[in-house]
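Convert by adding 11 to the 1-based position in the sequence shown; the result is the number in this note's numbering.
By construction, the Cβ of each residue, glycine as well, lies at the ideal position given by its N, Cα and C atoms.
Note that the coordinates shown come from a computational prediction; the quantities given were computed from them, not determined experimentally.
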Amino acid sequence: MDTNAQLLLPLWAEARTRFSNQLKNLKESDLTKKLGDSPNSAGFLIRHVADVELLFSKNVFGQTDLKVSAKTVIAQRDTGEWTNLAELLAYQQEAFECLEKAILAQTDTDWQSTITTKEFGTKTKAEALGRIVSHTAYHAGQLGIVLKYGMV
C-alpha cells in the first residue's frame with residue numbers, strides 16, 4: 012500500500028463512522044421516517060450515500076469493472092422504495108468495501124492526478140476524496156435528524 016493511501020484510508024474510514032454508527036440500531040420502521048414535508052426518507056438517505064460512494068469508486072477512483080445503478084441519483088427524488096433494511100445494510104456495506112478497495116488501489120502519484128466531473132468540476136483525486144467524505148458526513152447529519160425527530 013502506498014504512503015498516501017495508508018494515511019487517507021483511516022481518515023476516510025473514521026469520517027464515515029458518522030454515517031455507519033447510526034445504522035447499528037436501525038429498525039426497518041425507521042426507514043420511512045421523514046421530517047415534515049421533507050422530500051427524503053431515512054431509507055433514501057442510506058441508499059443515496061451508498062450510490063454516491065459506488066459512483067466515486069467507479070468514476071473517480073477508476074474501478075471501471077464495477078457495475079453501478081445509482082437509483083437515487085437517477086430518480087433525483089425519494090421514490091419510497093427504500094424500505095428493506097437488510098438490503099440497504101448490505102448495499103451500503105458493499106459500497107464501503109468498494110470505496111475502500113478503490114482508495115487502496117491508488118498510488119502516491121494518483122492522488123495528485125486530476126479528475127473532471129459535471130457534478131464538481133476538476134479536482135485532484137485527493138480533493139475528490141475530501142468531497143466524498145463531506146458528502147457522506149452531510150447526509151449522515153440529515154439521517155441523524157430524521158431518525159431522531161422524523162415521523163412515519
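Check, Outcome
"Specify the secondary structure class of K82 as computed by DSSP and reduced to three states.", "helix"
"For the beta strand (DSSP E) containing K134, list its first residue and its last residue.", "G132 to T135"
"Work out the CA separation of L100 and N36 for me, nearest whole Å.", "11 Å"
"Can you tell which of V79, S145, K134 and K44 has the C-alpha that lies nearest to the C-alpha of L96?", "K44"
"Rank L56, F107, T147 and A86 by C-alpha distance to the C-alpha of R29 and give the top, closest one.", "T147"
"Between which two residues does the alpha helix (DSSP H) containing T14 stretch?", "T14 to S31"
"Would you call the region 99–114 and the region 63–77 in contact, with 3 or more CB pairs under 8 Å?", "yes"
"What's the C-alpha gap between G125 and K136?", "Note that residue 125 is Thr in the sequence shown, not Gly. Near 6 Å, if we compare the C-alpha coordinates of K136 and T125."
"So if DSSP puts K45 in a beta bridge, which residue, or which two residues, is it bridged to?", "M162"
"Kindly indicate the opening and closing residues of the beta strand (DSSP E) around T75.", "Element bounds for T75: n/a, residue is neither H nor E."
"Are P114 and A26 touching if we call contact CB-CB under 8 Å?", "Contrary to the premise, residue 114 reads as Ile rather than Pro in this sequence. No, these two residues do not count as a Cβ contact at 8 Å."
"Assign F131 to one of two classes, buried (16 or more other C-beta atoms within 10 Å of its C-beta) or exposed (fewer than that).", "exposed"
"Take every Cβ of the region 68–85, pair it with every Cβ of the region 147–161, and state whether three or more of those distances are shorter than 8 Å.", "no"
"Rounded to whole angstroms, what's the CA-CA distance from Y102 to Q153? Just pull it up for me.", "19 Å"
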